[in-house]
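Residue numbers (my numbering): 1 to 451.
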Amino acid sequence: MPAFAAELDGAGLSALWALPFAGVLLSIAVLPLLAPVVWHHHFGKIAALWALAFLVPFAALHGIHAALAVSVHALIAEYLPFIILLSALFAVAGGICVRGNLRGTPATNTGLLALGTLLASLMGTTGAAMLLIRPLLRANDDRRHTVHVVVFFIFLVANAGGSLTPLGDPPLFLGFLKGVDFFWTARHLLGPMAFLCGALLLVFYLLDRHYYLNREERGPLDPTPDSPLQLEGRINFLLLAAIVGLVLMSGLWSPGVALHLMGIPLEWQNLLRDGALLLVILLSLWMTPATARAGNAFSWGPMLEVGKLFAAIFLTIVPVIAMLRAGEQGAFAAVVRAVTGPDGRPDDAMYFWMTGLLSSFLDNAPTYLVFFNTASGDARELMGPLASTLAAISAGAVFMGANSYIGNAPNMMVKAIAEERGIRMPSFFGYMAWSAGILVPLFVAMRYIFF
């Protein structure tokens with residue numbers, strides 16, 4: 001029974017089992033726009049209802065024991081490692097406060113964006129975005145045109161920069177948990193990432209220089225005069241290095257020892273990694289000066305929201321993955337055919353666009369997981385004969401999360417911080433006009449160059 005629950009036979013499932021998963025994703029995409037007050041106060045309850053919409057019928061048909069085994073597999077073996085790493089990166093990055101102010105020249109702004117792009121693969125897109133967005137806004141608080149600075153920050157730091165390691169963006173860490181090597185993404189996405197980020201930095205510099213040369217661009221009085229940059233909470237850089245080391249350890253060291261919970265193996269190296277990451281969180285909270293977290297306006301609110309929503313996602317995605325793994329025999333045979341060429345091999349260009357377009361409006365982590373399993377679900381095969389397909393899936397999930405505010409969690413965080421500082425950010429569709437005009441042409445070029 002535990003084996004049956006953990007590896008469902010997708011060929012025997014109806015497409016109706018995907019409704020709870022679709023409900024979670026549509027709730028995340030639509031309710032913050034249509035009913036923001038209701039969503040803000042009740043998103044946890046809404047997510048729990050969608051999870052129960054899967055578990056209750058499943059328990060009625062297959063038994064409570066099978067439903068419990070599904071829950072254990074989804075939450076203990078997959079969800080907890082995912083949320084623990086995100087929490088560790090969030091806590092450590094939130095303890096590093098950048099004080100002082102720079103002059104927001106085109107060269108300085110481009111340099112800060114490039115720095116954030118590089119840091120995103122080491123400390124996560126959320127961590128890098130929260131670390132640098134406030135210093136960037138302070139550097140430009142005497143300029144009239146700042147919307148483009150925030151938009152390109154979302155493009156680069158909150159999305160594309162996190163494409164080189166499993167630490168960078170949640171979809172890639174899910175791939176790592178499924179067996180993708182730690183350095184695989186760096187080897188296979190370095191070219192697409194360098195092309196996209198290099199082009200964006202060049203376009204940004206030219207646009208920023210255009211505004212900067214306007215005589216009326218800078219105000220008569222700078223609200224925050226130039227002062228040397230200072231870092232508070234430096235101990236968190238050591239803790240960040242510890243996080244990198246722990247994730248590497250879990251990918252390179254395999255003692256072959258595992259605990260078993262309801263027939264599900266929990267490998268020793270992963271348990272050690274997760275336990276040590278929890279210790280890193282406690283050390284960061286204990287050793288970071290309170291003034292550093294206050295300077296970052298740090299709170300656990302964003303992580304609590306992510307934690308609740310992803311618990312529902314990891315539960316409701318179980319039957320979806322099973323049906324995709326069934327291929328032509330499953331309810332989603334049409335999806336499989338859409339991304340499969342006439343010769344029966346995966347169509348890399350279609351995987352790039354399908355993963356990317358869905359990642360633009362749904363959360364990119366579950367979208368990555370869906371197409372990871374559509375292509376094969378076997379990490380060894382995807383890193384070997386299907387390496388180009390996995391690269392297309394990874395690039396689509398990470399890069400196209402920048403197409404809308406709801407494509408990746410840091411997008412909304414950056415928007416909210418900018419609006420708190422008085423910047424009139426574009427509307428939902430106004431932002432999409434920016435991404436359609438700048439990102440989409442680059443994605444078209446990438447499709448022909450790389451995929």
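Even for Gly, the Cβ is constructed at its ideal location relative to N, Cα and C. Given the structure is predicted, the values throughout are model-derived calculations rather than measurements.
### Query
Within 10 angstroms of its Cβ, does Glu-520 collect 16 or more other Cβ (buried), or is it exposed?
Any answer about residue 520 is impossible in this case: the structure gives the chain only from 1 up to 451.
#### Entry: Cutoff 8 angstroms; reference Arg-424; Cβ partners in own chain excluding five residues on either side
Taking the sequence shown and counting its residues from 1, one reaches residue 424 at position 424. Contacts found: Val-147.
### Query
I think Met-323 touches Ala-312, with their Cβ atoms under 8 angstroms apart; what is that distance to the nearest whole Å?
In the sequence shown, residue 323 corresponds to position 323, counting from 1. In the sequence shown, residue 312 corresponds to position 312, counting from 1. That pair is no contact at about 18 angstroms.
### Query
With 16 as the cutoff for other CB atoms within 10 Å, does Asp-274 come out buried or exposed?
In the sequence shown, counting from the first residue as 1, residue 274 sits at position 274. Counting Cβ neighbours within 10 Å, Asp-274 comes out buried, since at least 16 surround it.
#### Entry: Where Asp-208 falls, given that 16 or more other Cβ within 10 Å makes a residue buried
The residue you call residue 208 lines up with position 208 of the sequence shown. That one is buried.
### Query
Between the Cα of Ala-22 and the Cα atoms of Asp-348, Leu-189, Gly-179, Phe-361, which residue gives the shortest distance?
Taking the sequence shown and counting its residues from 1, the one referred to as residue 22 is at position 22. Ranking the options by Cα distance to Ala-22, first place goes to Phe-361.
### Query
What's the call for Phe-183, buried or exposed, on a 16-neighbour Cβ count within 10 Å?
Counted from its first residue, the sequence shown places residue 183 at position 183. Classification of Phe-183: exposed, given that the 10 Å Cβ count is below 16.
### Task
May I ask which residues mark the beginning and end of the beta strand (DSSP E) holding Asn-101?
As a position in the sequence shown, residue 101 is number 101, starting the count at 1. Its beta strand (DSSP E) spans residues 97 to 101.
### Query
Using a Cβ-Cβ cut-off of 6 angstroms (strictly less than) and excluding sequence neighbours within five positions of Met-459, which residues of its own chain qualify?
As shown, the chain starts at 1 and ends at 451. That puts residue 459 outside it, with no answer to give.
### Task
Have a look at the DSSP bridge pairing and note the partners of Gln-269.
For the purposes of this step, residue 269 is taken as the residue at position 269 of the sequence shown. Note: Gln-269 sits in no beta bridge, so no partner.
#### Entry: Rounded separation between Leu-119 and Leu-279 - CA only
Position 119 of the sequence shown holds residue 119. Position 279 of the sequence shown holds residue 279. If you take the alpha carbons of Leu-119 and Leu-279, they lie about 23 angstroms apart.
### Message
Which complete beta strand (DSSP E) runs does the stretch 108 to 132 hold, if anything under 3 residues is left out?
### Response
none
### Message
So, does the stretch 46 to 64 touch the stretch 251 to 270, judging by three or more C-beta pairs under 8 angstroms?
### Response
no
### Task
Name the two residues that bound the continuous alpha helix (DSSP H) containing Tyr-448.
Sequence index remark: in the sequence shown, residue 448 carries index 448 (1-based). Tyr-448 -> alpha helix (DSSP H) spans 428 to 450.
### Task
Could you tell me whether the Cβ atoms of Ser-284 and Gly-422 are closer together than 8 angstroms?
Position 284 of the sequence shown, counted from the start, is the residue given in the question as residue 284. Position 422 of the sequence shown, counted from the start, is the residue given in the question as residue 422. Their beta carbons are not under 8 angstroms apart, which means Ser-284 does not touch Gly-422 by this criterion.
### Task
Flag this pair as yes or no: are the beta carbons of Phe-195 and Ile-393 separated by less than 8 angstroms?
If you number the sequence shown from 1, residue 195 lands on position 195. If you number the sequence shown from 1, residue 393 lands on position 393. Cβ distance not < 8 angstroms, so Phe-195 and Ile-393 don't count as in contact.
### Message
For Thr-105, list the residues DSSP reports as bridge partners.
### Response
Start at 1 with the first residue of the sequence shown, and residue 105 comes out as number 105. BP columns for Thr-105 are empty, so no partner.
### Query
Can you give the Cα-Cα distance for Leu-122 and Val-244, rounded to whole angstroms?
Position 122 of the sequence shown, counted from the first residue, corresponds to residue 122. Position 244 of the sequence shown, counted from the first residue, corresponds to residue 244. Roughly 8 angstroms between the two C-alpha positions.
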